[in-house]
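Since the structure comes first, as structure tokens, the remarks are kept for the end.
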Amino acid sequence: MKPKKGQNQEKNRIETMYQEYFTSLMVIACSYTHDRTEAEDLVQDVFVKALLSYRAGGSFLYWANRVLRNDFYNLVKKKRRIAEEPFDLLRLQSQDDLLSDYIQNEERARLAAMISMLPMKYRQVMIDSVYLQLENREIAAAYSISEENVRQIKSRARKMLIKMKEEEDERDGKRKET
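Using full-length UniProt numbering, read the sequence shown as starting at 1 and increasing by one per residue.
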């Protein structure tokens, strides 16, 4: 039996959406998993779940990120139960290696890597702000916190990122001198 014309159009729309959102979702997934293979698996699973549960009217990328974050937490819980290893041991590869394949601009790759090293609360708010470009009120609603708290978290995260950048620049400067 041949697929109907409408089925082919639907398939093409889904493939187009997947290609459109894949890079953004990979950046977010890599910042959570720190493992490219695991991130790819997560993105593939999450894309289907997000697509099936998405309700028109909001940002698909925002919704997919929420599904991705929840699936990641479930994955971590599952791994903890199975292996009983601390979360930090799941980080196998350098974040720079993971993100450089997906972000051409060197400064953005650096920023993404530094964001991924932030504590989870700061990381989530910065991902929502930088990659998903959500407003403070949207972030506040998503995490059930005040807009002032979002501004404070972003301010502290920026200070941490500036400090990380300065330390990295200092290390790079010392390497060049030797």
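Positions of the beta carbon are idealized from the N, C-alpha and C atoms, including for glycine. Keep in mind it's a predicted model, so treat the numbers as computed, not measured.
With respect to the 8 Å criterion, V125 and K154 are classified as neighbours on the basis of their beta carbons. One thing to note: I139 has its Cβ within 8 Å of the Cβ of V150. In this structure, the beta-carbon distance from F72 to T33 falls below 8 Å.
By the neighbour-count criterion, in which a residue is buried when 16 or more other Cβ atoms sit within 10 angstroms of its Cβ, V48 is exposed. Closest in C-alpha terms to A39, from the list E15, K11, L75, P119, comes L75.
In this model, L51 and K165 are separated by some 37 Å (Cα to Cα). Contact annotation: R156 and Y122 have beta-carbon atoms nearer than 8 Å.
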